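**Student:** Sending over a structure as structure tokens; questions will come in a sec.
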Amino acid sequence: MEWLFLIRKEDVVPVLELLAEDLGYRVRNKIIDYGLIYTGTMLRSVEVKRLSDNTVDLIVNVPYASAIEGGTKPHTPPFEHIHKWVVVKKKEVGDEAVKAAWRIIKTISKRGIRGREYVRDALEEFAWDWR
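Given below as structure tokens:
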């Protein structure tokens with residue numbers, strides 16, 4: 000004997016919202032797990048918005064999110080940004096912070112930045128767990 004269940008849109012939408020929130024949670028966890036926290040701005044910027052009944056946007060609302068996710072080609076980043084990162088993240092000060100910032104800039108201008116793929120990894124984990 001077959002059973003036919005009628006699933007209404009009103010029943011599915013809350014489930015989709017929970018799934019979307021789960022994905023946002025996983026992206027935040029990857030940012031933490033991969034040590035990508037500098038000031039916490041990127042972590043706080045992760046947002047999940049439902050656009051329609053079947054579309055959700057996952058937003059990491061910082062200008063450098065895609066560079067961290069996918070990496071970059073060699074380029075010369077602004078000294079101020081790198082220096083600030085060295086002071087906050089590496090706890091360097093004074094001349095040592097300046098020297099460290101220039102070493103990092105030199106490396107980025109030769110090699111670029113390796114992507115960390117925190118969103119891709121969260122999506123893979125999410126898909127694997129919901130199989």
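Throughout the sequence shown, residue numbering follows numbering that gives the first Met the number 0, covering 0 to 130 in sequence. No residue lacks a Cβ here, since even glycine has one placed at the ideal position from N, Cα and C. In this text the structure is predicted, and so the values were computed from the model without any measurement.
With H, G and I counted as helix, E and B as strand and the rest as coil, what does DSSP make of residue 71?
**Tutor:** Correct three-state label for residue 71: strand.
**Student:** Keeping to the same chain, check which residues put their C-beta closer than 8 Å to that of residue 119; ignore five residues upstream and five downstream.
**Tutor:** The answer, listed in chain order, is 68.
**Student:** On the three-state DSSP scale, how would you describe residue 94?
**Tutor:** Residue state, collapsed to three classes: helix.
**Student:** Buried or exposed: where does residue 25 fall if 16 or more other Cβ atoms within 10 Å of its Cβ makes it buried?
**Tutor:** When all chains shown are included, residue 25 counts as buried.
**Student:** Taking just the CA atoms, how far does residue 85 sit from residue 91?
**Tutor:** If you take the alpha carbons of residue 91 and residue 85, they lie about 6 Å apart.
**Student:** Check whether the segment 17-32 and the segment 97-113 are in contact - that is, three or more C-beta pairs closer than 8 Å.
**Tutor:** Contact between the segment 17-32 and the segment 97-113 is absent, because fewer than three Cβ pairs lie under 8 Å.
**Student:** Hey, could you find the ends of the alpha helix (DSSP H) residue 133 is sitting in?
**Tutor:** Since the displayed the chain opens at 0 and closes at 130, residue 133 lies outside it and no answer follows.
**Student:** Curious, which full-length alpha helix (DSSP H) runs of at least 4 residues does the segment 1-41 contain?
**Tutor:** Within the segment 1-41, the complete alpha helix (DSSP H) runs of at least 4 residues are 8-32.
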